[in-house]
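Since the structure comes first, as structure tokens, the remarks are kept for the end.
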DNA sequence: ACATAAAGTGCAACAATGTTGCGTTTATCG
DNA sequence: CGATAAACGCAACATTGTTGCACTTTATGT
Ligand SMILES: [Mn+2]
Ligand SMILES: [Mn+2]
Ligand SMILES: [Zn+2]
Ligand SMILES: [Zn+2]
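Shown next as structure tokens:
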């Protein structure tokens, strides 16, 4: 697990400081294949850090195109890592997401493309979101 | 505007009581072509009613298939009227929705169908949501 | 019209998410 | 090493949504 190196490079590449908190946060994202909310992170962090710090780091990561919003239901926003090809700024996904009704995890469906919108040109479409729900692969077996 | 009659019938058809608050709420939904949140409703109601009452009415309407969730971003849930053919229970939409980045209104795109999901059968899909964003027809002109 | 039961309402209290301001600490770079 | 900007922690706050409980209103049947 030389994620440590990767994370340092990632932060540095975006002009962000490599602090223990942010390093641990990004390690958490790399260790999970589902999206994480601010409170998920607070719960999984070893030391007890302030919620505000986590919120600000998430915002910063989103602003720099390191994380994207994978889902935002009533219970809050869940983030997931962006791909290496993602632009260095906030952006919408080109892939679909799946929310499990049982375990409430959100998965990125990297290989399911968001369908093209077919809509009256009275509307200017700049973002599209395609979210599936049901029972995930884990809960299904 | 004989919506009054329609509303009475609608409530009665679902075994709900026809109270002034619920009547006014449904009238509000009929008078707008975009979705409304609980706080939108509180603000638009003539008398000052308790938020809790509005929340409970919205839940009841959703449970009976009178309203559906048109969007739920971080700022809350917005509801819109269901079609006449909708089942008498909570259900997911078959149409897309549009969220304006400028006025922040949510519109039902009744004639834009939600694309069929094409996904690994490790996942059991029971719901699909397709949400577009950008600039709406009002803000565009 | 009246009694009754069920549904709806209001108030208080609470939990969770997310924000802002401000003073302090820490990382990075010359 | 010292300066600067970023990051952190704390307190305080706003908003959304929930729950419990007592009270009121609506619908129903006699
Ligand atoms: Mn994703
Ligand atoms: Mn709709
Ligand atoms: Zn699951
Ligand atoms: Zn608009």
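Protein chains in written order, with my numbering: chain A, 1 to 141; chain B, 1001 to 1141.
Note that beta-carbon positions come from the ideal geometry of N, C-alpha and C, so glycine has one too.
Could you name the residues of chain A that residue i contacts, counting a contact when the two beta carbons are closer than 8 Å?
| i | result |
| --- | --- |
| residue 1106 of chain B | Ordered by position in chain A, no residue passes the 8 Å Cβ test against residue 1106 of chain B, which lies about 12 Å from the chain. |
| residue 1077 of chain B | 74 |
Once DSSP output is grouped into helix, strand and coil, what is the label at residue i?
| i | result |
| --- | --- |
| residue 1043 of chain B | helix |
| residue 1099 of chain B | strand |
| residue 48 of chain A | coil |
| residue 1033 of chain B | coil |
| residue 106 of chain A | strand |
| residue 8 of chain A | helix |
| residue 1141 of chain B | coil |
Give the interface partners of residue i over in chain B, defined as CB-CB distance under 7 Å, in chain order.
| i | result |
| --- | --- |
| residue 73 of chain A | 1072 |
| residue 98 of chain A | 1123 |
Pull the bridge partners of residue i from the DSSP assignment, please.
| i | result |
| --- | --- |
| residue 1069 of chain B | B:1079 |
| residue 1055 of chain B | None; residue 1055 of chain B has no bridge partner. |
| residue 1113 of chain B | B:1095 |
| residue 135 of chain A | B:1124 |
| residue 1129 of chain B | A:131 |
Just to make sure I have the definition right: I need the residues of chain B whose C-beta is within less than 9 Å of the C-beta of residue i. Which are they?
| i | result |
| --- | --- |
| residue 112 of chain A | 1117, 1118, 1119 and 1120 |
Rounding to the nearest angstrom, what Cα-Cα distance links residue i and residue j in this structure?
| i | j | result |
| --- | --- | --- |
| residue 1008 of chain B | residue 43 of chain A | 49 Å |
| residue 1121 of chain B | residue 1037 of chain B | 35 Å |
| residue 1004 of chain B | residue 1027 of chain B | 8 Å |
| residue 133 of chain A | residue 1139 of chain B | 32 Å |
| residue 141 of chain A | residue 33 of chain A | 17 Å |
| residue 96 of chain A | residue 129 of chain A | 7 Å |
| residue 68 of chain A | residue 1116 of chain B | 24 Å |
| residue 1006 of chain B | residue 1059 of chain B | 20 Å |
Starting from residue i, find everything on chain A with Cβ-Cβ shorter than 7 Å and list it in chain order.
| i | result |
| --- | --- |
| residue 1109 of chain B | 119 |
**Request:** Check each residue of the stretch 1123-1139 of chain B: if its Cβ is closer than 8 Å to any Cβ of chain A, include it; give the result in chain order.
**Result:** 1123, 1124, 1125, 1126, 1127, 1128, 1129, 1130, 1131, 1132, 1133, 1134, 1135, 1136 and 1137
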